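Protein chains in written order, with my numbering: chain A, 11 to 414; chain B, 11 to 414. We treat Cβ as the ideally placed atom computed from N, Cα and C, and that holds for glycine. Here the structure is a predicted model, which means the values were calculated and not measured. Down below is the structure, laid out as structure tokens.
2 protein chains.
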Amino acid sequence: MTPGKVLVAQGGGPTAVINQSLVGVVLEARRQLGVERVYGARHGVRGIVNEDFFDLTQETSHNLELVAGTPGSALGSTRDKPDLKYCQEIFQVLKAHGIGHFFYIGGNDSSDTVRIVSEEATRAGYPLRCIHIPKTIDNDLVGNDHTPGFPSAARFVAQAFAGANLDNAALPGVYLAVVMGRHAGFLTAASALGRKYDDDGPHLIYLPERGFSVERFLADVKATYDRLGRCIVAVSEGIHDHSGTPIAAQLAQDLERDAHGNVQLSGSGALADLLCDEIKARLGLKRVRGDTLGYLQRSFLGCVSDVDQREAREVGEKAVQYGFWSGRDGSVAIRRTGHYAADYTLLPLAEVAGRTRTMEDAFIAPSGTDVTDAFRLYLRPLLGSGMPDAYRLRPNTVAKVLKP
Amino acid sequence: MTPGKVLVAQGGGPTAVINQSLVGVVLEARRQLGVERVYGARHGVRGIVNEDFFDLTQETSHNLELVAGTPGSALGSTRDKPDLKYCQEIFQVLKAHGIGHFFYIGGNDSSDTVRIVSEEATRAGYPLRCIHIPKTIDNDLVGNDHTPGFPSAARFVAQAFAGANLDNAALPGVYLAVVMGRHAGFLTAASALGRKYDDDGPHLIYLPERGFSVERFLADVKATYDRLGRCIVAVSEGIHDHSGTPIAAQLAQDLERDAHGNVQLSGSGALADLLCDEIKARLGLKRVRGDTLGYLQRSFLGCVSDVDQREAREVGEKAVQYGFWSGRDGSVAIRRTGHYAADYTLLPLAEVAGRTRTMEDAFIAPSGTDVTDAFRLYLRPLLGSGMPDAYRLRPNTVAKVLKP
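In structure tokens, the structure reads:
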């Protein structure tokens with residue numbers, strides 16, 4: 011018989027809605043027959059090996075609902091990427107505490123951890139049900155129409171560029187902003203959803219799915235500026251040259267690398283500053299401003315898609331249902347139905363684990379610096395209700411008197 | 011008799027609510043007896059000397075209401091700071107077009123322009139009523155309890171830090187973000203309103219009203235990190251050493267200066283990056299992230315204080331009422347009543363023009379790195395209704411089994 015305790019944890023970067031998934035797990039698990047306790051591990055897998063657990067059976071449902079509406083990872087998170095030995099330690103702790111169901115909310119690295127722990131349990135003949143729950147603002151999990159966390163971050167990016175466009179129209183110049191996303195350009199592409207009028211920015215969108223050339227970039231900016239007298243550019247932090255070297259890495263003096271061996275891209279304004287310097291130096295343009303949207307994209311309190319909220323809640327709830335009734339381990343995935351509804355499925359862990367989805371060619375315009383209508387149709391319903399809108403004065407020009 | 015045309019213009023940096031003031035002027039002016047036309051100058055004073063006007067009498071009130079709710083300067087703005095000759099040109103255009111009432115929405119530089127134009131009209135014996143309407147996210151106009159645009163920007167900053175605090179609690183480290191404000195620290199201080207629980211960040215707030223020492227800063231960060239295992243820092247872009255040299259200027263290779271001779275502080279991530287590099291190099295801390303809130307602070311579409319919206323609308327409406335009924339030129343100012351209501355007055359232009367307000371000592375904690383309760387009491391009602399709130403899980407720790 012499966013042991014009666016449930017464990018849930020959160021891994022990787024926090025999002026606006028990851029606590030919805032947590033609370034979906036906790037409330038649904040608490041109503042399952044035979045569940046003695048629902049534990050939450052503090053700071054992901056690190057909290058598991060340290061036996062650092064909260065007993066969420068003793069948390070009020072009222073407070074859980076309030077936490078669900080709060081961004082960030084309420085249990086704490088980690089960047090640890092466990093190897094086999096680490097996963098064996100995780101398994102020993104789960105066994106020692108009588109955990110029968112393990113739910114891990116995270117991205118593709120987290121799904122890989124779930125896969126290894128699942129294999130360890132099978133090898134040991136220990137009855138453990140392991141379910142991965144999707145989460146990432148990068149939208150880079152394979153097998154998913156989209157991933158919880160991405161729609162809210164995309165909404166933030168769209169609203170940021172819509173506002174930057176209004177600001178730049180009032181005080182013209184070049185405005186460039188760097189958006190998160192190492193390999194997948196979905197979040198950067200979301201900037202296009204900030205446009206309303208024909209001449210609205212962003213006028214140029216640079217994605218990691220396409221090779222980046224500084225010469226081509228400068229020519230694009232110049233052409234836009236010559237045409238409109240201003241130019242707004244969205245740049246993915248992950249842009250790289252045709253040989254695959256990140257543009258950010260070409261300039262950084264000493265590169266910080268994370269536990270996964272990746273160059274640290276966020277938490278610095280260097281890429282935006284470099285590109286602005288190039289524009290000023292090579293094109294001789296005066297008012298050139300660079301921003302890096304930074305951690306606000308995933309953490310800003312008060313910018314959330316209601317569609318994202320309810321789907322994040324449901325993947326948590328579905329995870330428990332699959333865990334108790336499907337008889338197999340897996341990764342919960344979102345499927346799209348019609349225009350627009352969401353449905354869920356349970357994928358084998360090996361199909362999702364450690365793999366990275368990037369933007370489909372059909373979402374990227376032939377120019378390589380814009381998105382297609384297919385992408386707009388894909389993203390718009392995910393942004394949710396109540397998207398703010400921008401309006402303009404209509405021109406009723408007055409005849410000149412002094413210099414007609 | 012006063013000529014029957016009204017002119018309105020917008021100057022300086024756009025805000026979330028400057029179009030409320032514009033529409034307040036237009037709708038109130040359109041209902042005044044004897045008003046033939048209401049013109050709007052494109053891009054501030056530059057549009058005036060170029061006779062680049064929209065006839066806002068021919069704009070629907072419906073669209074005006076939609077524009078009022080849109081951030082940015084709907085007429086366009088300018089960074090031009092007119093000298094006497096420029097102001098004389100402005101006056102010649104106003105005369106040629108039969109303008110009897112001139113309303114200019116802007117900060118302290120704009121109020122100075124209104125003052126000079128007013129003096130020119132008086133000297134020429136031309137019946138022109140000139141009213142300055144306050145606007146600035148920096149909150150640095152003297153004679154005002156606060157200025158329209160500041161509350162919405164302050165709300166953005168508070169929400170940004172509230173979210174960054176949740177993110178940083180989940181993945182601990184040092185997080186530093188640079189906030190706009192060259193001489194006045196109000197906007198940086200607003201980060202304190204993002205705190206809820208005792209250990210919430212920002213833990214350190216550096217304002218331009220206090221001299222900045224890198225040594226002291228590093229000691230502050232270390233002490234906070236040692237105490238909490240994490241540290242969130244809010245830094246004003248205008249911080250300077252005790253001799254008055256901006257910290258940003260100490261490191262920038264080639265300084266860009268604006269028309270006012272000021273070093274360009276925004277539109278670059280350099281200051282945040284420098285401070286983060288110091289923390290990494292000198293304190294040996296690993297996870298150090300720097301953001302620059304950048305133009306989002308004043309332009310983000312969808313973060314606005316409803317209190318700010320209605321006050322911005324009213325200063326525009328009051329400006330027209332003062333302009334038509336008070337018999338004198340001046341600058342509209344906001345006064346505070348009770349806890350909390352706003353009232354308005356008309357100040358002499360010379361009292362406001364070209365002067366800069368900074369934070370009162372009573373708003374800054376003795377440590378120099380925090381705000382006082384007086385500041386919280388001052389700012390909270392301005393942030394408006396519906397401020398998002400953050401909630402936590404309450405600790406119910408589980409006993410360890412393997413390593414008790």
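With distance defined between alpha-carbon atoms, name the residue in the options nearest to residue i.
i: K95 (chain A); options: A:K206, A:T157, A:V189 and A:E130; result: A:E130
i: I141 (chain B); options: B:G294, B:E321, B:F334 and B:P182; result: B:F334
i: P13 (chain A); options: A:N118, A:Q20 and A:L138; result: A:L138
i: S377 (chain A); options: A:Y216, A:A322, A:Q319 and A:T123; result: A:Y216
i: L197 (chain A); options: A:A352, A:I147 and A:T67; result: A:I147
i: L203 (chain A); options: A:A409, A:K413 and A:D399; result: A:D399
i: R192 (chain A); options: A:S120, A:L403, A:P256 and A:G173; result: A:P256
i: E61 (chain A); options: A:A26, A:L37 and A:L17; result: A:L17
i: A174 (chain B); options: A:Q331, A:S309, A:L66 and A:G221; result: A:S309
i: K413 (chain B); options: A:G21, A:A106, A:T88 and A:A39; result: A:A106
i: A172 (chain B); options: A:R41, A:R56, A:A39 and A:C313; result: A:C313
i: R299 (chain B); options: B:A199, B:T234, B:G183 and B:A363; result: B:G183
i: L151 (chain B); options: B:Y401, B:V317, B:D283 and B:G195; result: B:G195
i: Y185 (chain B); options: B:T157, B:L74, B:R220 and B:T302; result: B:T302
i: V245 (chain B); options: B:V167, B:K206 and B:E38; result: B:V167
Give the C-beta separation of residue i and residue j to the nearest angstrom, bearing in mind that I take them to be a contact with Cβ-Cβ under 8 Å.
i: G116 (chain B); j: P24 (chain B); result: 11 Å between Cβ atoms; not a contact.
i: G108 (chain A); j: K15 (chain A); result: 5 Å
i: R237 (chain A); j: N178 (chain A); result: The Cβ separation is near 14 Å, so there is no contact.
i: P161 (chain B); j: G394 (chain B); result: 7 Å
i: R365 (chain B); j: N154 (chain B); result: That pair is no contact at about 11 Å.
i: A78 (chain B); j: V33 (chain B); result: 4 Å
i: V59 (chain B); j: E99 (chain B); result: 5 Å
i: D339 (chain B); j: S201 (chain B); result: Between S201 (chain B) and D339 (chain B) the Cβ distance is about 37 Å, and since that is not below 8 Å, they are no contact.
Work out the CA separation of residue j and residue i for me, nearest whole Å.
i: M190 (chain B); j: Q307 (chain B); result: 8 Å
i: H72 (chain A); j: H213 (chain B); result: 29 Å
i: G135 (chain A); j: G337 (chain A); result: 15 Å
i: V243 (chain A); j: T70 (chain A); result: 46 Å
i: E324 (chain A); j: F227 (chain B); result: 45 Å
i: G348 (chain B); j: L387 (chain B); result: 12 Å
i: K328 (chain B); j: Y354 (chain B); result: 8 Å
i: I28 (chain A); j: I344 (chain B); result: 42 Å
i: E247 (chain B); j: I374 (chain A); result: 37 Å
i: A164 (chain B); j: D380 (chain A); result: 33 Å
i: T80 (chain B); j: K91 (chain A); result: 45 Å
i: V103 (chain B); j: L284 (chain B); result: 47 Å
i: R40 (chain A); j: R133 (chain A); result: 29 Å
Would residue i be called buried (16 or more neighbouring beta carbons within 10 Å of its own) or exposed?
i: A170 (chain B); result: buried
i: K145 (chain A); result: buried
i: Q260 (chain A); result: exposed
i: A384 (chain B); result: exposed
i: H250 (chain B); result: buried
i: K296 (chain A); result: exposed
i: V411 (chain A); result: exposed
i: Q319 (chain A); result: buried
i: A180 (chain B); result: buried
i: L43 (chain B); result: exposed
i: G396 (chain A); result: exposed
i: R404 (chain A); result: exposed
i: S253 (chain A); result: exposed
i: T407 (chain A); result: exposed
i: G294 (chain B); result: exposed
For the beta strand (DSSP E) holding residue i, just list the boundary residues, first then last.
i: I143 (chain B); result: R139 to P144
i: S128 (chain A); result: First-last for S128 (chain A): N118 to A134, but that is the alpha helix (DSSP H), not the beta strand (DSSP E).
i: S162 (chain A); result: That residue, S162 (chain A), is in no beta strand (DSSP E); its alpha helix (DSSP H) goes F160 to A180.
i: R308 (chain A); result: From DSSP, R308 (chain A) is part of no beta strand (DSSP E) but of the alpha helix (DSSP H) over L306 to S309.
i: G50 (chain A); result: R47 to A51
Starting from residue i, trace the alpha helix (DSSP H) in both directions and tell me its first and last residue.
i: K15 (chain A); result: Unbroken run through K15 (chain A) is the beta strand (DSSP E), K15 to Q20; no alpha helix (DSSP H).
i: R320 (chain A); result: D316 to W335
i: L74 (chain A); result: S71 to A78
i: L228 (chain B); result: V224 to L238
i: L284 (chain B); result: A280 to E288
i: S31 (chain A); result: I28 to R40
i: I147 (chain B); result: Taken as a continuous stretch (DSSP letters only), I147 (chain B) belongs to no alpha helix (DSSP H), as it is neither H nor E.
Using a C-beta to C-beta distance shorter than 7 Å, which residues of chain E count as neighbours of residue i?
i: H107 (chain B); result: Of the chains in the structure shown, none is chain E; the protein chains are A and B.
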